[in-house]
Ligand code: TC6
């Protein structure tokens, strides 16, 4: 009998190593942080498996990931660059055709190209906590390494369409039920790999061959998805190509793979791919701030001042993340309303399946307390003020907080526009004062602007970011100015929409043009949803300081004078009733009257012109926000708009869009618009410089 060969792991390259255990071989992947299938990983796997295939003593191979996960996908950073051998699709075909059978162990996540590698192996074992998925569609592409062909052969067409067009990962258990994995087992990946390789060699783990599909049910599922996606995602490119690719799984494998490849290339060339990948990195880039190395302060107890929509939403978000929350209000009536809103929000979380019903009861009885005086917040580690937008009210609250809050507590204001320096100045501890600007509904929207005032301590900033992580929000660092990043830009481009409305475009035309561009809602739909009274109050606040040269549209104020505040009153720019929303004819009458008063003969705006003016206005103010240092990098502005303002993800954000349009073209547009209003339309210095000397905002993200 041969003596079993045992070897310490030997390196194939920096990220792949091989260990021999008798007639079994283990191939370990170690490419932190997520074992992305970079060129080195692909090359290492290829090299390891081809060496092992040549060894007649090796009967089976176990492939597993070291660190926190199996392969989390192709290396996204390589997209858009010239492909380097071995290509992932070629590697997958090579693995599938290996004479020496291969089993892989999935722990952490096997996503995208990672799952495609797994599907090419001859068997798959997942640990119970593992997740598998094909999220390529969220990046504007499709599973291009055989996923659209091999998943249907293992899990069926309907289950694969669901996974591939939604991009959502599924649990190990679900993957087992659908046939994507062969077993779910507890254990360390290396141990499982050895055991499974042995079982594969023994024949106790079957080596599954896949067959061809072509049934009526499959064809029906394909047609159903095609119809559904045309309705739900008409603007997106890749989901439709995903369906086409899955349809090709009814062909012989080689033909299906060929079709998949060509559809994949179409997706790679689509600008949506670049926008969606930019959005993926934006979500992660924003946490790279100067204060990232600071140790955040410990937060367990949070105080929230104000039980309105925002305060209750913030309290809900904190409760859902496991914090103890004390809500305070001026009087019992306000407190009761706030507590009722929190209970309603938690009920909504139960209905959406985000929270178990018994957990909701526990939260309400154990983690939430309330009071009508600020003294109740003396134990809080973080206090978030969310009362209405009036500086005097905020100042008096912070003066009081300075007396009652414990030393070291972070004192935050949820103001959307006001000066945090002025608020901090009424306390004896400006280093603890910060802006935490949530977006409504605060327990749903992902954006959190962390507003850093002149004297805010670095560890208070780090605390804001740590809080966002716990709340599963995207925190973006912002400087102090009227409206910070998001609302400052919004205040500016809203005027561009209002000027178009004064000059002849209807609110509905503007909204339709912008929703067709990809926004979740048009500006007038947003006005109505947020409440016109809020914008009316801002208009009044700014009236005294509004420069005489600035053009002003009084339409919104006039609508508010009628008591129409948008959705909450059933009327605004639109009328809302059980039949849905339709343009408000009385608002249109006001618009006509105001045009006549201003001596304007209304003119026609094409959808293209509306988008051009709207986006150019948004981008030009975004550039000024960057010039003023209010945002750290262009990508921070993109994240604010993607996660807080319904900006179409496939367009990557305003600054990514600016790069697509090009600096020279933007300058040309602003100069043309400036012929009719040279006060509003001004070329930002940075844009002019970029138009003259070249350069992109993408480059500025790196610096
Ligand atoms: C595909 O596979 C296509 C195949 C067809 C080919 C023909 N590449 O999210 P985290 C980085 S498409 C490169 O904070 P988590 C990430 O940027 C791909 N880098 O961690 C971050 O870097 P930073 C399909 C990647 O534990 C760091 O890793 N796959 C990749 O919260 C940590 O990431 C996907 O779409 C990557 N693929 O979540 C999966 N993935 O520290 C995308 C991550 O320098 N990834 N990074 O900022 C994820 O969903 C999550 O990262 C996760 C881990 C669930 C794997």
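In my numbering, the protein residues as written are 690 to 1392.
The C-beta atom is built at its ideal place from N, Cα and C for all residues, glycine as well.
Everything numeric in this text was worked out from a predicted model, so none of it was measured.
Straight-line spacing of the CA atoms in residue 1014 and residue 993 works out to 7 Å. Comparing alpha carbon positions, the residue from 1387, 793, 1318 closest to residue 753 is 793. Three or more beta-carbon pairs drawn from the region 797 to 815 and the region 744 to 758 are found closer than 8 Å, and the two stretches are therefore classed as touching.
For residue 1294, the CB contacts under 7 Å within the same chain, skipping 5 residues up- and downstream, are 1189, 1193, 1194, 1198 in chain order.
Within the same chain, Cβ atoms closer than 8 Å to the Cβ of residue 896 are found at 790, 811, 812, 889, the five residues on either side in sequence being excluded. Relative to residue 1023, the option among 1061, 1002, 1033 whose CA is nearest is 1061. Contact between residue 1355 and residue 1308 is confirmed by a C-beta separation of about 6 Å, below the 8 Å threshold. Counting only runs of 3+ residues, the beta strand (DSSP E) found wholly inside the region 813 to 900 occupies 820 to 822, in chain order. Within 7 Å of the C-beta of residue 801 there is at least one heavy atom belonging to the ligand TC6. For residue 1238, the closest of 1368, 1165, 1334, 731 by C-alpha to C-alpha distance is 1368.
For the pair residue 1078 and residue 1104, the CB atoms are nearer than the 8 Å cut-off. Boundaries of the alpha helix (DSSP H) around residue 1356: 1352 to 1363. The region 1199 to 1209 makes contact with the region 1336 to 1344, as at least three CB pairs between them are under 8 Å.
Around residue 1330, the same chain offers 1336, 1342, 1343 as residues with beta carbons nearer than 6 Å, after the five sequence neighbours per side are excluded.
Of the candidates 1240, 1270, 1229, the residue whose Cα lies closest to the Cα of residue 1250 is 1229. Residue environment analysis places residue 1317 among the exposed positions, since fewer than 16 neighbouring C-beta atoms fall within 10 angstroms of its C-beta. Taking 7 Å as the cut-off, the C-beta of residue 955 does not count as close to any heavy atom of the ligand TC6. Counting along the chain, residue 1139 sits inside no alpha helix (DSSP H); it lies in the beta strand (DSSP E) bounded by residues 1136 to 1141. For residue 751, the secondary structure class from DSSP, reduced to helix, strand or coil, is strand. CA-CA distance, residue 1016 to residue 990, rounds to 11 Å. Bounds of the beta strand (DSSP E) holding residue 713 are 713 to 718.
In the same chain as residue 914, and ignoring 5 residues on each side of it, the C-beta atoms closer than 7 Å to its own belong to 850, 854, 932, in chain order. Annotation for residue 1072: the continuous beta strand (DSSP E) segment containing it runs 1071 to 1074. The C-alpha of residue 730 lies about 24 Å from the C-alpha of residue 884. Around residue 1225, the same chain offers 1245, 1246, 1249 as residues with beta carbons nearer than 7 Å, after the five sequence neighbours per side are excluded. The three-state secondary structure of residue 931, taken from DSSP, is helix. Within a 10 Å sphere around the beta-carbon of residue 746 sit fewer than 16 other beta-carbons, which makes this residue exposed.
Excluding its 5 nearest sequence neighbours in each direction, residue 983 has C-beta neighbours in its own chain below 6 Å: 1147, 1148, 1151, listed in chain order. The closest CA to that of residue 837, considering only 940, 723, 879, is found on 940. Rounded to whole angstroms, residue 1118 and residue 1099 show a C-alpha spacing of 10 Å. Classified as exposed, residue 924 has fewer than 16 neighbouring CB atoms from the shown chains inside 10 Å of its CB.
Contact between residue 938 and residue 842 holds: their C-beta atoms lie close to 7 Å from each other, under 8 Å. Under the three-state reduction of DSSP, residue 695 is assigned to strand.
A straight-line Cα-Cα distance of about 8 Å links residue 1257 and residue 1218. For residue 951, the secondary structure class from DSSP, reduced to helix, strand or coil, is helix.
Residues 702, 775 of the same chain have their beta carbon placed closer than 7 Å to that of residue 732, with the five preceding and five following residues left out of the count.
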